[in-house]
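For the sequence shown, counting from 1, position 159 maps to 148 in our numbering; every step adds exactly one. Report on one structure; see the data block that follows.
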Amino acid sequence: MPKSKRAGLTPGQVQTFIDDGFVKIENAFSTDLAKQCRDELWADIGLSPDQPERWTRPVIRVGSKASPPFIEAANTPLLREAYDQLVGDGRWLAPMGLGTFPIRFPSTDSPGDDGWHVDMSFGTANADFMEWRANVKSSGRALLMLFLFSDVGDDDAPTRIRSGSHAIIARELLPHGEAGATLRQLAAEDWASTKDCAIELATGAAGTVYLCHPFLVHAAQPHRGTEPRFMAQPPLLPKSEFYPALPPSPVQIAIRRACGLTV
């Protein structure tokens, strides 16, 4: 099928990704797949949607899932085309599963993990996660992705996003070169450099996916709704380093524009 006829993002959606640092894709995978995945996750944590009296913790984490429903959800034709459009044709590794899953439950208790942050890309063997690193090329990470496996409204602990923060982080990473900066360095003064960014909420129906720039500042929040929220937050991994000889992808264009470099 000719590329121009394949389902994917519109030019406007690609531009939104470059400008805001994320794009929302509705119906990225089916509600049936979402339910299959939720059923597996309920079984994994030993709880039930019919026994809310046992939902005693604000968040329970499941590491990763590589069963067929999760692989299928991560590799729908719409998403694969979107990966090509944002990262570059064939410059990413097909997801062989999804994770992690912070499953959030209605609670008046603080979840204890709701601070602003950027997901780091390399150096993750260090036992101190504050020493994990990212560099201006985003070595080791092509995208941050948010997969909604349940309906998520404003009260259902949607991920908070600082729109446009990816550009600020790109400029902060530039002086650090190939070695990059640690999470501790970037988090100085509680991400004060991005505090004026507009906050968007990652809401949507089950089957919605947010594809986000690797440098996007985001945060969890407490669950004030009535139904548990099921979401995965995996990276999309690059196939190799970004090479300057190749045409710049929207991920790279956003970085270059932020840093005042020629696109």
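A virtual CB, placed ideally from N, CA and C, is assigned to each residue, including glycine. Fair warning: this is a prediction, and the values are worked out from it, not measured in the lab.
Asked	Found
7 Å CB neighbourhood of residue 115 in its chain, flanking five on each side removed	121
Whole runs of the beta strand (DSSP E) within the region 50 to 110, excluding any shorter than 3 residues	87 to 93
Proximity to residue 67 [Cα-Cα], best of 219, 203, 198	198
Span of the beta strand (DSSP E) around residue 13	11 to 14
Supposed close pair residue 54, residue 29 - CB separation, criterion 8 Å	7 Å
Sub-8 Å separation of residue 247 and residue 156 beta-carbons	yes
Option nearest residue 23 by Cα separation, candidates 143, 168, 218, 35	218
Beta bridge counterpart(s) of residue 137 as assigned by DSSP	220
Validate contact between the region 212 to 228 and the region 157 to 176 using beta carbons, cut 8 Å, 3 pairs	no
Neighbour-count burial assignment, residue 85, 16 or more Cβ in a 10 Å radius	exposed
Terminal residues of the beta strand (DSSP E) in which residue 190 lies	188 to 190
Rounded Cβ spacing between residue 188 and residue 7 (contact assumed at less than 8 Å)	So it is not a contact: roughly 19 Å between Cβ atoms.
Of the residues 137, 227, 223, 235, the one placed nearest residue 108, counting alpha carbons only	223
Top-ranked residue by Cα proximity to residue 171, from 77, 153, 127, 152	127
First through last residue of the beta strand (DSSP E) which encompasses residue 151	149 to 151
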